[in-house]
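Notes follow once the structure below has been shown.
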Amino acid sequence: MPNIKIFSGSSHQDLSQKVADRLGLELGKVVTKKFSNQETCVEIGESVRGEDVYIVQSGCGEINDNLMELLIMINACKIASASRVTAVIPCFPYARQDKKDKSRAPISAKLVANMLSVSGADHIITMDLTKCADYSANMTWGEGCSLCQFFTYILELYDSG
Numbered sequence: 008m009p010n011i012k013i014f015s016g017s018s019h020q021d022l023s024q025k026v027a028d029r030l031g032l033e034l035g036k037v038v039t040k041k042f043s044n045q046e047t048c049v050e051i052g053e054s055v056r057g058e059d060v061y062i063v064q065s066g067c068g069e070i071n072d073n074l075m076e077l078l079i080m081i082n083a084c085k086i087a088s089a090s091r092v093t094a095v096i097p098c099f100p101y102a103r104q105d106k107k108d109k110s111r112a113p114i115s116a117k118l119v120a121n122m123l124s125v126s127g128a129d130h131i132i133t134m135d136l137t138k139c140a141d142y143s144a145n146m147t148w149g150e151g152c153s154l155c156q157f158f159t160y161i162l163e164l165y166d167s168g
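The opening position of the sequence shown corresponds to residue 8 in our numbering, with each subsequent residue numbered one higher.
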């Protein structure tokens, strides 16, 4: 298997570990902490230069904190010269707000897609995708309906390459 690194955000460390175990990989080292003003600080604890990085983080629970942590992790990997960064987001944050239902309502799912793109994400894998893939032409999107399909996708991607 090519140079793959899997990192876990703090939202789903058990899921991230299962993904890594299934693929026969170790989870990448990452340290996340909060400053006294509650800003999130992320340090990637190993080289990702030239690597294909997958970051597993869900948009549930503490949605805003988890989203910000994911954006910072993506950006940290891109700045550290990762060749590609894929965000694995089982529950896409703000997916319920994928269209204007009132005259001055935001399309928050589009905002999140744009934030992921600007942070450096090359690819998004999510479950039950609605219209989010229409919102960012800078990234490719993959939709799955089960963790098993995700494993199959990763294995097929690297067995064929």
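Note that beta-carbon positions come from the ideal geometry of N, C-alpha and C, so glycine has one too.
(Q) Please state the DSSP three-state secondary structure of leucine 32. (A) coil
Q) What residue range is occupied by the uninterrupted beta strand (DSSP E) comprising aspartate 105? A) Element bounds for aspartate 105: n/a, residue is neither H nor E.
Q. To which residues does DSSP link lysine 41 through a beta bridge?
A. Thr47
Q | Same chain, Cβ closer than 6 angstroms to alanine 89, neighbours up to 5 away in sequence not counted | A | Val55, Glu58, Val60
Q) Straight-line CA distance for methionine 8 to alanine 120? A) Confidence is the limiting factor: at methionine 8 the pLDDT is only 49, short of 50, which leaves the residue's position unreliable and the question unanswerable from this model.
Q.
Can you tell me whether valine 55 is helix, strand or coil according to DSSP?
A. coil
(Q) Is the separation between the beta-carbon of histidine 130 and that of valine 63 shorter than 8 angstroms? (A) no
(Q) Could you tell me the alpha carbon to alpha carbon distance between proline 100 and isoleucine 13, rounded to whole angstroms? (A) 20 angstroms
Q | Boundaries (first-last residue) of the alpha helix (DSSP H) holding serine 124 | A | 115-126
(Q) Mapping the DSSP letters down to three states, classify alanine 94 as helix, strand or coil. (A) strand
Q | Collapsed DSSP secondary structure at methionine 8 in the structure displayed | A | The pLDDT assigned to methionine 8 is 49, lower than 50, so where the model puts this residue is not dependable; a value taken from the coordinates is nonetheless given after this. Coil, per DSSP.
Q.
Using only CA atoms, which one of Ser15, Ile96, Phe42, Asp28 lies nearest to leucine 123?
A. Ile96
Q.
Just to confirm the assignment, what range does the alpha helix (DSSP H) spanning cysteine 67 have?
A. Unbroken run through cysteine 67: none, as it is neither H nor E.
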